[in-house]
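Written out below as C-alpha cells is the structure these notes cover.
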Ligand SMILES: CC[C@H](C(=O)O)C(=O)SCCNC(=O)CCNC(=O)[C@H](O)C(C)(C)COP(=O)(O)OP(=O)(O)OC[C@H]1O[C@@H](n2cnc3c(N)ncnc32)[C@H](O)[C@@H]1OP(=O)(O)O
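Residue numbers (the working numbering): 1303 to 1551.
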C-alpha cells in the first residue's frame, strides 16, 4: 500500500498512516486503502484489538487533503467523497474489538475526526488537537462531530466545534477526549488480555451506543458539510492555504 502501513503484533492490528511529508493528510488513495484495510479487519475473527497511529513526529493527521478533496466540487460530489470517509469512521467506531488512537503528533480537522472514531485516544505531552473546520468555513464532514458527541459531554463538544481551536493535550485530557497523555504513547493497555476479554469489554462498550442513531447523525453531518463545500468562506480558506504554501515556495 502507498499511504497506509498495516502490521500485526500478536493479533493486535496496527494501522499506520504513511504520508508524513504531507502531515498524513487523507487523500483519495488513503481513503481507498483505509477502506480495504477496514474491510479485512472487520471480519478477522482472530483479532484482539485495533490501533491507529501515523508516521513522523509532527502530525498524526492534518485532516482531509486540501488539494485533493476540496476545490471545485459540487454538493453531490462533496457528499459522495465525504461519505466514503464517513463509512470508514463508522466502521472503526463499531468494530467488535477495542480501538485505540495512538496520537504520535498533532491532529487537525478530519485528523481529529478519525481519532474520535476510536474508542480511546492517547496523546503526547505538548501536542495540540483541533476540530478546526469552523475556521475553513465548513463543519466536520466525516461524521466526527456526531462521534464527538458520543465521546465527551454535549457542552464541551458544542464549544470545541464552535471555537474551532487547537486544544493543548492537557485541555484535551481535561474534557475527556484524551484518556492519557504520555511522552511515548503505547498500547500496553491490551497486553496480557485474551481475545475473549477484549471482545466482551468492547461488546459492553458498544451496548451504550445507539448504532442506528449514530449512523443517521453522521450521515446528516456529511450532508450539512457538503452544503458548505461551495460556500464563499470555504473557497477563500482553501485559496489562502494554497497561497500560503506557494509563497513559502
Ligand atoms: C471533513 C474534514 C475536512 C476535510 O478535508 O474533509 C478537513 O480535514 S479540513 C482540513 C483541516 N486541516 C487543516 O486545515 C490543516 C492544513 N495544514 C496546516 O495548517 C499546516 O500544514 C500544518 C499546521 C498541519 C503543518 O504546518 P507546518 O508548517 O509544520 O508544515 P507545512 O504546512 O509545510 O506542511 C507540510 C506539507 O504538508 C502539506 N499539508 C499539510 N496539511 C495538509 C492538508 N490538510 N492538505 C494537503 N496538504 C497538507 C503542506 O501543504 C506541505 O506540503 P508541501 O508540498 O511541502 O507544500
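The beta carbon of each residue, even a glycine, is placed where N, CA and C say it ideally should be.
Length of the line joining the Cα atoms of residue i and residue j
i	j	result
residue 1374	residue 1405	32 Å
residue 1541	residue 1439	12 Å
residue 1487	residue 1407	10 Å
residue 1372	residue 1522	19 Å
residue 1458	residue 1378	31 Å
residue 1309	residue 1315	6 Å
residue 1341	residue 1502	21 Å
residue 1381	residue 1470	31 Å
residue 1510	residue 1504	10 Å
residue 1520	residue 1539	24 Å
residue 1364	residue 1508	28 Å
residue 1376	residue 1543	20 Å
residue 1513	residue 1506	13 Å
Proximity below 9 Å, CB of residue i to CB of residue j
i	j	result
residue 1349	residue 1313	yes
residue 1390	residue 1419	yes
residue 1422	residue 1401	yes
residue 1326	residue 1362	yes
residue 1329	residue 1367	yes
residue 1433	residue 1415	yes
residue 1412	residue 1387	yes
residue 1384	residue 1527	yes
residue 1482	residue 1425	yes
residue 1474	residue 1431	yes
Residue i CB to nearest heavy atom of ligand 1 below 8 Å
i	result
residue 1406	no
residue 1494	no
residue 1470	no
residue 1520	no
residue 1532	no
residue 1398	no
residue 1323	yes
residue 1415	yes
residue 1386	no
residue 1438	yes
residue 1381	no
residue 1514	no
residue 1362	no
residue 1541	no
residue 1358	no
residue 1462	no
residue 1547	yes
residue 1327	yes
Counterpart residues of residue i in DSSP-defined beta bridges
i	result
residue 1443	Paired residues: none, contrary to the question.
residue 1431	1409, 1469
residue 1482	1424
residue 1307	1318
residue 1354	1317, 1403
residue 1361	1408
residue 1328	1366
* So does the region 1433-1448 actually touch the region 1475-1485, counting three or more Cβ pairs closer than 8 Å? -> Below 8 Å, too few C-beta pairs join the region 1433-1448 and the region 1475-1485 to call them touching: fewer than three.
* Taking one C-beta from the region 1349-1360 and one from the region 1317-1325 each time, how about it: are there three or more such pairs within less than 8 Å? -> The region 1349-1360 is in contact with the region 1317-1325.
* Is there contact between the region 1455-1466 and the region 1528-1542, where contact requires at least three CB pairs shorter than 8 Å? -> A contact is defined here as three or more CB-CB pairs under 8 Å, and the region 1455-1466 fails this definition with respect to the region 1528-1542.
* Given 8 Å, three or more beta-carbon pairs between the region 1493-1504 and the region 1339-1353 -> Under the 8 Å Cβ criterion, the region 1493-1504 counts as touching the region 1339-1353, having at least three qualifying pairs.
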